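*Asks:* 774 is the number of the first residue of the sequence shown in my numbering; add one for each residue after it.
Got a structure for you, written out below as C-alpha cells; questions coming shortly.
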Amino acid sequence: MSTAAMTPPAASPSDDSSGRFLLDPYVGWAQGEGIPIHEEFGFDLLALETGPWERYDARGCFAHTLGRGDFMSNYVLEIEPTRSTAPVHHLYEAFFYVLTGYGSATVWLPDGTERTFEWGPKALFAIPLNCTYRIMNASGREPARLSCTNDAPLLLNVFHDPAFVFGSDARFPDRVGTVERFAGEGEHSVYNQGSATVQNVWETNFVHDLTSFTLYEFEGRGKGSLNVNFVLADGTMHAHVSQMPVGRYKKAHRHAAGTHVHAVDGEGFSLLWYEGDSEFRRFPWRHGFMYSPPFWMFHQHFNTGPAPARYLACSLGSRKYPFLALRRKSAEGSGAVSVSQGGRQIEYEDQDPRVHRMFLEALRETGVESRMGDAFDEPAILALSGESLTGVIRTPRSVGPAV
C-alpha cells in the first residue's frame, strides 16, 4: 500500500468553531438552571440570594467557591414554610448540611419501600445514590436553608448529559444500608492504631446534630484537637468534623482542591497562603460561613472564641473509597506529616511568627486567654518589631515528593 493511500485527506479548517471546544458541561447545566450563581473565595451561605428553582420546586442558588476544583461543588436549597421540594433523583452524590430550620426527608428505596427521617439545625445527611427523595420544611413561619455539597461536576462532565444524570433508573441497593442508619445509628471503626494519626470512622446516612456528636482525639493536627470521619450512604465523598479547644488552633496544611469547609459553631478565622507569598489571606467564620482552600494552598484554622469551635469539611474521596491518590495518602495518615519530611503539614516550631502574632492579637480583641504557651514563647513573639514581620512567609523546605 502506498504512503499516499494511508494519508487522510487534508481537513478544511472550520470558521464556525465557536462553542465547540473547551466546554464545561457542568457549568453549562448550572447556567441553564435559572438560579443565581455566586462565585467567590467563600460565602456566608445564610446571606446568599436565592431564586425560584424549577427542578426542586423550591428556591436555590449555586455557591461556587474559587477553590472547588474539578470534581466538587455546592448549592444552597431554600424551602419555604410548610412546603416540600419536588421529588428528585440524580447520579451524583450529595451531602446536605442543615443551616437553619426543621423538617423531614423522605427517601424511596430501590426495593420500593420508603424511609422518612426528621432533621433540625446542624444535621448532616446523605441520600443513597440515585434514590428519589423529597425534603419538607416543617415550620409554618420560617424558611429552611440547607447547604448541599456534591460531586455533580464529576458526573455531568463525564456524561455531559443532564437527562441521563437526572433520569437514569439505575439502582444501587448496596448503598442504602440498614433501616437504623436513617435514624442516625451507625458503625464506629478505627484504623491506623498505634500511630499519631488514628482514624475514627462513623458509617451512617444521617447525623442528628454535628455540635453534640462524639469526636475523638486527633493529636496529629494539634494538641487538644478532636475529629471524626464520616462515610455517608456508602459513598465516595468524604466528610469529617473537627473541633479546636478554647485558646488553641490547628497546624497549617495543604491538599487537593474541592474541600468545602463549613463553620459549625464557635468563632474564629482561617489563614491561607501559597508558598512564596508575602501576604496572608484571612477568612473569618462563624456558623453559615463556607469556603474551599484552593489546590495546594496552605490553610490554618483558629478558634478565637470562648467555647470550643467545630467545622465540617466535605470533599471527594472517603476513608472507605479514597478515589484520589492524594486522598488515599490522607486516609493513611500522610496529611499529618511535616512538610520537612515530604508531607503537607507545617509544625508549630516551623511556622512563620506572624501566624501566632495574629492569633494573639485576635484573642486580645475577644478577651480569650491563649493556651498555646506550651508551644510558643509568646512574650518574645509580641515583642517582635514590625520589620521582622514582613517579607516572604516562612515555610519549611519540602523534602522529597509531597504526598
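Ideal Cβ placement from N, Cα and C applies to all residues, glycine included.
Predicted, not measured: the structure shown is a model, and the values here were computed from it.
1) Nearest CA to the CA of C1087: which residue from L928, T1009 and R948?
2) Report the residue ranges of all beta strand (DSSP E) runs contained in full by the segment 814-887; include only those spanning at least 3 residues, in chain order.
3) For the segment 978-988 and the segment 840-851, state whether three or more C-beta atom pairs, one from each stretch, are separated by less than 8 Å.
4) Can you tell me the Cα-Cα spacing of E887 and E866, whole angstroms?
5) Locate the alpha helix (DSSP H) running through T977, then write down its first and last residues.
6) For E1122, count neighbouring C-beta atoms within 10 Å of its own C-beta (all shown protein chains included) and say buried if the count is 16 or more, exposed if not.
7) Roughly how many angstroms lie between the CA atoms of G1078 and G950, to the nearest whole one?
8) What runs of the alpha helix (DSSP H), each 4 residues or longer, lie entirely inside the segment 879-956?
9) Do you know offhand how far G1108's Cα is from F1053's?
10) Taking only three categories from DSSP, how would you classify S1043?
11) So, E827 versus P916, is the Cβ gap smaller than 8 Å?
12) What residue from C921, Q804 and S998 has the CA that sits closest to H1033's CA?
13) Nearest CA to the CA of H1060: which residue from P825, T873 and Y848?
14) I need the boundaries of the beta strand (DSSP E) containing L1085, first residue and last residue.
15) Per the DSSP calculation, W1058 is bridged to which residue(s)?
16) Which residue marks the beginning of the beta strand (DSSP E) containing Y964, and which one marks its end?
17) Which value, in whole angstroms, describes the spacing of the CA atoms of T776 and H933?
18) Can you check which of these residues, L902, F816 and Y1084, is closest to V1001 by C-alpha distance?
19) Express the C-alpha separation of V1128 and K1023 in angstroms, rounding to a whole number.
20) Whole angstroms is fine: what's the gap from M1145's alpha carbon to G1020's?
21) What would DSSP say about V1110, mapped onto helix, strand or coil?
22) Within 10 Å of its beta-carbon, does F816 have 16 or more other beta-carbons around it, so buried, or fewer, so exposed?
23) Taking the C-alpha atoms as reference points, what is the distance between S1171 and W1069?
24) Classify G1164 as buried or exposed, calling it buried when 16 or more other Cβ atoms lie within 10 Å of its own Cβ.
25) Got a sec, what are the start and stop residues for the beta strand (DSSP E) A1012 sits in?
26) By Cβ distance, which residues of its chain are closer than 6 Å to K1093, with the 5 residues on each side in sequence left out?
27) Return the CA-CA distance between F868 and H1074, expressed in angstroms with no decimal places.
*Replies:* Reading it off the structure:
1) T1009
2) 815-817, 824-826, 831-838, 846-852, 867-873 and 876-881
3) no
4) 19 Å
5) No alpha helix (DSSP H) holds T977; the beta strand (DSSP E) holding it covers Q972 to T977.
6) exposed
7) 38 Å
8) 925-932 and 935-940
9) 22 Å
10) strand
11) no
12) C921
13) T873
14) A1082 to L1089
15) G1041
16) E960 to Y964
17) Because T776 carries a pLDDT of 47, less than 50, the predicted location of this residue cannot be relied on, and the following value inherits that uncertainty. Each residue's Cα considered, the two are about 38 Å apart.
18) Y1084
19) 11 Å
20) 7 Å
21) coil
22) buried
23) 13 Å
24) exposed
25) M1010 to M1017
26) V1004
27) 22 Å
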